[in-house]
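So the sequence shown is numbered by the UniProt record's numbering: it starts at 1 and just counts up by one. To start, the structure itself, in structure tokens.
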Amino acid sequence: MDEVPLIKNLPLSDYFTRLAEDSLYPSAGSSAAMTAAHAAALFAMFCRVNLRKAEESRADLPGNGEGAEKRVDFWKGMLKKALALTKRSFALAQEDGFAIRDFVEGNPLGPFRMIEVPLKIARCAAEIAAAIHRAFPESYPPVRADAETARCLAEGSKKAALAVARYNLPLLPDAADRLTYVNQIEELEKDD
């Protein structure tokens, strides 16, 4: 397999050009992870707006004290989480390429990584969707469409990553190993 391109070094247009090429990477797994990163980044923007509004509210109502301070702290925590999830999703998009390379080059762990990485992507996407769900009721109404869009992207990413994992199950020669991963996939699907 050719050298795995470093996604972090690719302009977005180059990433999509490479995605459209006849190549092993980037492909479905990295697409699921990049969609999760997109969801988390949009969620981060949503959190920044809500943090700004909470800080403005605190400044406008100095007597509000504890309640205003809790809102600021809540949105700071959500923003920190959103940024960490963006970074993790982006790293998983890259890890998918390394998993493909391991498989193609005959690394004995390659088949396992071809399933484990998509499962990590699905778990990360689920975490993004859960954080959005938690933050939504506390949010500033004009940016709720951004949160809803981010949630839809995260849920789509999870579903796509689970599909990748399921399609990669036949790469495992041992039925017991396949069953272990089938159980993990089904457990993640139950959370929907």
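Where is the CB? At the ideal position from N, CA and C, for every residue including glycine.
query = Taking the continuous alpha helix (DSSP H) assigned at A145, which residues delimit it?
reply = R144 to N168
task = Whole angstroms is fine: what's the gap from L12's alpha carbon to G97's?
result = 17 Å
inquiry  = Measuring only the C-alpha atoms, how far is G29 from D22?
reply    = 15 Å
ask   = Can you find at least 3 beta carbon pairs, one from the stretch 43-53 and one from the stretch 126-138, that sit closer than 8 Å?
value = yes
task = Could you check if W50 is buried or exposed, using at least 16 other CB atoms within 10 Å of its CB as the buried criterion?
result = Note on residue identity: the sequence assigns Asn, not Trp, to residue 50. It is buried - the Cβ of N50 has at least 16 other Cβ atoms within 10 Å.
task = Give the range of the alpha helix (DSSP H) segment to which F98 is assigned.
result = E66 to V104
message = For P141 and M34, I'd like the C-alpha separation in whole angstroms.
response = 27 Å
query = Per DSSP, what kind of secondary structure is A15 in: helix, strand or coil?
reply = Note that residue 15 is Tyr in the sequence shown, not Ala. Reduced to three states, the DSSP call for Y15 is helix.
Presumed contact (8 Å Cβ cut-off) between T149 and L83, rounded CB distance = 18 Å between Cβ atoms; not a contact.
task = Closer than 8 Å by C-beta to A99: which residues in its own chain qualify, once you throw out the five before and the five after it? Chain order, please.
result = G29, G110, R113, M114, E116 and V117
request  = Please decide whether A54 counts as near chain C, where near means a Cβ-Cβ distance under 8 Å.
outcome  = In the displayed structure, chain C is absent; only one protein chain is listed.
inquiry  = With a threshold of 7 Å on Cβ separation, who are the neighbours of D102 within its own chain once the five nearest residues in sequence on each side are excluded?
reply    = L109, G110 and R113
inquiry  = For L6, which residues in the same chain have their Cβ closer than 8 Å to its Cβ, ignoring the five residues on either side in sequence?
reply    = Q94
ask   = Is the beta carbon of A147 less than 8 Å from the beta carbon of I132?
value = yes
Sub-8 Å separation of I185 and A154 beta-carbons = no
Where P108 falls: helix, strand or coil (DSSP) = coil
task = Output the boundary residues of the alpha helix (DSSP H) element that contains S23.
result = Run containing S23: none; DSSP gives neither H nor E here.
key: Where S139 falls: helix, strand or coil (DSSP)   = coil
query = Based on Cα-Cα distance, which residue from K81, K53 and D60 lies nearest to R71?
reply = K53
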